Amino acid sequence: MTADQSVTEPVAATGAATMVDVAIVGGGLAGSLAAAVLARAGHRVTLIDKRAVYPDEFRVEKIGGPQLEMFRKLGFIRGLESVACPYDRVLNIREGKLVDVSVGQAYGLPYADLVAMARGQIPDASSLIVDEVTAISCSDDVQQLELASGRRLKARLVVLATGMAGALGYKLGIKRRVLAAGHSVSFGFTIARRDGAPFDFNALTCYGERTADGVDYLSLFPVQAGMRANLFMFRDPADPVMRDLRRDTEATLLRLLPGLRPYLGDFHVTDRVQNWVMDLSVVEGHLQDGVVLIGDAFQTNCPAAGTGVARLLVDVERLCTEYAPRWLMTEGMGKAKISEFYSDRDKIAADQQSLKMAHFRQALTSRNDIGWDVRRRLHFLRRSLTHRVDQMRPGWLAQVRSALRA
Ligand SMILES: Cc1cc2nc3c(=O)[nH]c(=O)nc-3n(C[C@H](O)[C@H](O)[C@H](O)COP(=O)(O)OP(=O)(O)OC[C@H]3O[C@@H](n4cnc5c(N)ncnc54)[C@H](O)[C@@H]3O)c2cc1C
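Every position in the sequence shown, counted from 1, becomes a number in this note's numbering once 217 is added.
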């Protein structure tokens with residue numbers, strides 16, 4: 218099923234409202250994965266998104282590490298493998314020198330393809346309604362949804378997976394508390410060498426050189442369209458360097474990261490430069506009858522920390538394989554049931570880890586007091602020494618670490 222085929226066009230007001238077990242509002246990654254997991258388990262699910270196909274918007278573009286285990290556990294790993302570019306070796310450099318090499322399976326792909334893959338795993342194409350949810354009224358029994366087309370739906374449980382769009386939640390009295398406005402700035406674009414030759418690396422991470430620049434790192438990894446670049450910064454979004462990065466990307470990149478030059482050669486940007494300013498925020502007033510928030514709708518993440526997908530996967534796994542199936546077995550959908558999800562240990566740990574990493578990456582990048590300066594030097598020194606020892610005596614450090622843990 219492709220994203221194009223998987224949609225039900227908006228329908229006019231039909232009078233009687235359709236009743237389902239779970240109505241999921243928002244078909245980004247969180248909502249689409251949740252719909253697929255619940256529908257595969259036999260629940261009557263409706264996924265509503267205002268767009269038939271997720272647009273070409275910059276969000277997460279690489280999946281790797283522990284995220285892959287979760288994709289596997291939830292049954293999406295083959296879908297991911299079928300649409301993404303694999304890579305398993307990342308050169309990590311700073312000031313033009315090798316820090317270390319990360320080895321491990323990872324995949325690069327546009328976010329729109331990731332969402333299309335997740336939507337494509339929903340067993341029944343008609344579960345997706347392309348429409349905008351304009352109002353929700355919740356109770357401890359049946360929830361009612363109004364759609365822009367005039368259509369109405371009823372559900373036992375509403376899952377709000379509306380990402381950073383807060384309007385619907387706001388109508389329910391759910392507010393966003395901003396923890397850090399303009400916390401980070403991210404740029405996404407694709408590059409190629411001017412001579413058409415491939416780059417000499419599979420994937421590369423280049424860390425910032427000076428705290429004043431506010432560059433955390435540039436991540437280069439393969440996608441089908443070429444070599445994708447994600448640049449993550451902690452710097453005033455109004456600083457003129459942001460405009461330079463949009464208008465004269467190649468030269469500005471080399472000015473900020475001069476050590477990159479020998480690795481990139483004569484390169485150019487091959488598509489639109491997208492950029493994004495991220496506020497860190499978390500919702501308040503969310504514990505309500507009949508409705509539960511997941512993914513970015515609950516808490517936003519720092520893109521540099523790379524924790525957004527880990528968080529939303531924990532949300533989907535806990536809600537859709539543990540709580541929602543259990544809640545649906547008995548009558549009612551009051552706060553007492555909903556609070557079980559928000560009190561889940563794994564969920565709380567993932568949310569807290571995401572905020573902790575957001576603050577850590579910012580401090581490691583841009584704090585210039587002595588304490589953080591020493592910490593930064595030690596951070597890279599430790600990595601580069603570990604790498605050298607690993608090269609001289611492969612596997613020895615891993616053995617020492619496991620002996621110490623035993
Ligand atoms: C620039 C950037 C880079 C990032 N990089 C990384 C990274 O490297 N690693 C990582 O782990 N995370 C990263 N993230 C975070 C990650 O992309 C997000 O956590 C994730 O995409 C959130 O998915 P979601 O489904 O919660 O929200 P979204 O993908 O935003 O989906 C929300 C959906 O809700 C729909 N919607 C909203 N309101 C309504 C309505 N009223 N009716 C119907 N539909 C509605 C929208 O159309 C949309 O499809 C990055 C984020 C950004 C912005």
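We treat Cβ as the ideally placed atom computed from N, Cα and C, and that holds for glycine.
These figures come from a predicted structure and were not determined experimentally.
R578 is positioned such that its CB atom lies no closer than 8 Å to that of A527.
Of the candidates G259, D513, L437 and R472, the residue whose Cα lies closest to the Cα of V242 is D513. Beyond the five residues adjoining it in sequence on each side, R463 comes within less than 6 Å, by CB distance, of V490 in the same chain, given in chain order. At least one heavy atom of ligand 1 lies closer than 7 Å to the C-beta of R276.
The beta-carbon distance between F558 and L572, rounded to whole angstroms, is 19 Å. This is too long to meet the 8 Å contact definition.
For the 8 Å CB-CB criterion, D461 and T582 do not form a contact. For D266, the shortest separation between its Cβ and any heavy atom of ligand 1 lies below 7 Å. According to the DSSP assignment, T422 belongs to the beta strand (DSSP E) that extends over A420 to Y424. Inclusion of V239 and L255 in the CB contact set at 8 Å is warranted, their separation being smaller than that value.
In this structure, L315 and L250 do not form a Cβ contact; the two beta carbons are roughly 36 Å apart against a cut-off of 8 Å. Restricting attention to alpha helix (DSSP H) runs no shorter than 4 residues, the region 500-538 encloses them at 525-535, ordered along the chain.
Inter-segment contact for the region 529-545 and the region 393-412 is absent: fewer than three beta-carbon pairs are separated by less than 8 Å. L362 places its beta carbon 8 Å or farther from that of G507.
In this structure, ligand 1 has no non-hydrogen atom nearer than 7 Å to the beta-carbon of P439.
Annotation: T235 is outside any alpha helix (DSSP H); the continuous beta strand (DSSP E) that includes it extends over T235 to V242. Inter-segment contact for the region 353-371 and the region 311-327 is absent: fewer than three beta-carbon pairs are separated by less than 8 Å.
Placement of the Cβ of A514 at a distance of less than 7 Å from at least one heavy atom of ligand 1 is found.
In the DSSP assignment, Q338 falls outside any alpha helix (DSSP H) and carries neither an H nor an E.
Taking a C-beta distance under 8 Å as the contact criterion, V500 and F484 do not qualify as a contact pair. Residue pairing of G325 in beta bridges, as defined by DSSP: K279 and C302. In its chain, beyond the 5 residues on either side, L504 have a beta carbon closer than 7 Å to the beta carbon of S556.
Placement of the Cβ of L530 at a distance of 7 Å or more from every heavy atom of ligand 1 is found. Cα atoms of V376 and G248: separation of roughly 8 Å, rounded to the nearest angstrom.
Distance from the CA of N492 to the CA of G431, rounded to the nearest whole angstrom, comes to 15 Å.
In this structure, the beta-carbon distance from G337 to G296 falls below 8 Å. Positions of the beta strand (DSSP E) runs, each at least 3 residues long and wholly inside the region 529-597, cannot be given because no such run exists.
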